[in-house]
Amino acid sequence: MPKRVDHDERRRTLTEALLRIASTRGLQAVTMREVAAEAGVSLRVVQYYFTDKRTLMASGPAELAARLDRRVRERAATIGTGLPPRTVLQVVLTAILPLDEQSRLDSLAWTAYYGAGLTGADWVPEVAEEALAPPNALENYLTGVVARAREAGDIAADRDPRTEVVGLLAMANGLTSSVLGTQRTAEEAAAVLRYHLDRLFDDVRSAEGHRSGGG
Numbered sequence: 004m005p006k007r008v009d010h011d012e013r014r015r016t017l018t019e020a021l022l023r024i025a026s027t028r029g030l031q032a033v034t035m036r037e038v039a040a041e042a043g044v045s046l047r048v049v050q051y052y053f054t055d056k057r058t059l060m061a062s063g064p065a066e067l068a069a070r071l072d073r074r075v076r077e078r079a080a081t082i083g084t085g086l087p088p089r090t091v092l093q094v095v096l097t098a099i100l101p102l103d104e105q106s107r108l109d110s111l112a113w114t115a116y117y118g119a120g121l122t123g124a125d126w127v128p129e130v131a132e133e134a135l136a137p138p139n140a141l142e143n144y145l146t147g148v149v150a151r152a153r154e155a156g157d158i159a160a161d162r163d164p165r166t167e168v169v170g171l172l173a174m175a176n177g178l179t180s181s182v183l184g185t186q187r188t189a190e191e192a193a194a195v196l197r198y199h200l201d202r203l204f205d206d207v208r209s210a211e212g213h214r215s216g217g218g
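Numbered according to our numbering, the sequence shown spans residues 4 to 218.
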């Protein structure tokens, strides 16, 4: 009997080949023929699953977002359930950092997409919406986490959740660039994130301590 093809798995295999090229040679090296060679399949297979370069390129950010989600869930599972907001933020933000080889390659692929957007590649306008969806969803999710922490009194009431999250994500992305550029180690970058999270969540305790001391 002919072997049954798992189409989702085949599509994911091709996207993984795309991301390997992106992380090592940049998106300028990505063509349907190159993806076929990297995946060890014929060009016709790539053309069957992705009708043009735009649909092929659009599959990359979705897979990168899925990998980040898996890293977050795996790390959270090792800690337990019902994690407090402070722990959720640390797990998610450190999952963005290139702490191991796979996350380093994923960070390079994200950087390749960002660079393509800056240089105005011809497929960028049509892929931009797909590429922005995962980061926007992550920002919205973390904003909800910080909002709940503020409501619970874990962070100061004058903190704006959206602004705090935008700053934390910008910091995580900037630290990622510094690790990729060997300016600092991944461990040092993670320590910087912990430092800023400590300050965010210690504001309330510090204010309470001052009030107690002053009373």
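Backbone N, C-alpha and C fix where the C-beta goes; we use that ideal spot for every residue, glycine too.
Listed in chain order, the alpha helix (DSSP H) elements of length 4 or more contained wholly in the stretch 88-129 are 88-99, 104-122. Cβ contact annotation for Leu-30 (same chain, cutoff 6 Å, sequence separation greater than five): Ala-115, Ala-119, in chain order. With respect to Leu-108, Ser-181 sits apart: the two C-beta atoms are not nearer than 7 Å. Here Val-169 has Glu-142 as same chain residues with Cβ atoms under 8 Å from its own Cβ, once five neighbours each way along the sequence are excluded. Here the stretch 70-78 makes contact with the stretch 91-106; the two share three or more CB pairs at distances below 8 Å.
Segment contact: the stretch 12-28 against the stretch 37-53, three or more CB-CB distances shorter than 8 Å; contact assigned. Straight-line spacing of the CA atoms in Val-49 and Gly-156 works out to 52 Å.
A distance below 7 Å separates the beta carbons of Val-94 and Ala-79. Within the same chain, Cβ atoms closer than 8 Å to the Cβ of Leu-183 are found at Pro-101, Arg-107, Ser-110, Leu-111, Thr-114, the five residues on either side in sequence being excluded.
Considering only Glu-66, Ala-61, Arg-28, Lys-56, the residue with the shortest C-alpha distance to Glu-12 is Glu-66. Bounds of any alpha helix (DSSP H) do not take in Asp-163, whose DSSP letter is neither H nor E.
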